[in-house]
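Colleague: A single structure is presented below for examination.
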């Protein structure tokens with residue numbers, strides 16, 4: 409099941425992958441875009457890890 413977590417990762421990953429091939433940003437803007445999105449992904453993942461709400465769960469015996 410696709411959650412918001414997955415959709416955000418897909419969109420950000422697609423942006424980071426394809427923005428390099430299109431002349432929509434100059435070098436400085438591209439650097440800032442990648443840095444800001446990297447920090448957003450970091451913060452989003454830390455939030456979910458700390459909250460304990462991740463897809464992989466330990467099996468209970």
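Residue numbers (this note's numbering): 409 to 469.
Idealized CB from N, CA, C, for every residue including glycine.
#1: So residue 438 packs on residue 427, CB below 8 Å; how close in whole Å?
#2: Could you spell out where the alpha helix (DSSP H) holding residue 457 opens and where it closes?
#3: Pick helix, strand or coil for residue 430, following the three-state DSSP scheme.
#4: Have a look at 421, 414, 459 and flag the residue whose alpha-carbon is nearest the alpha-carbon of residue 445.
Modeller: A quick look at the data gives this:
#1: 7 Å
#2: 435 to 459
#3: coil
#4: 421
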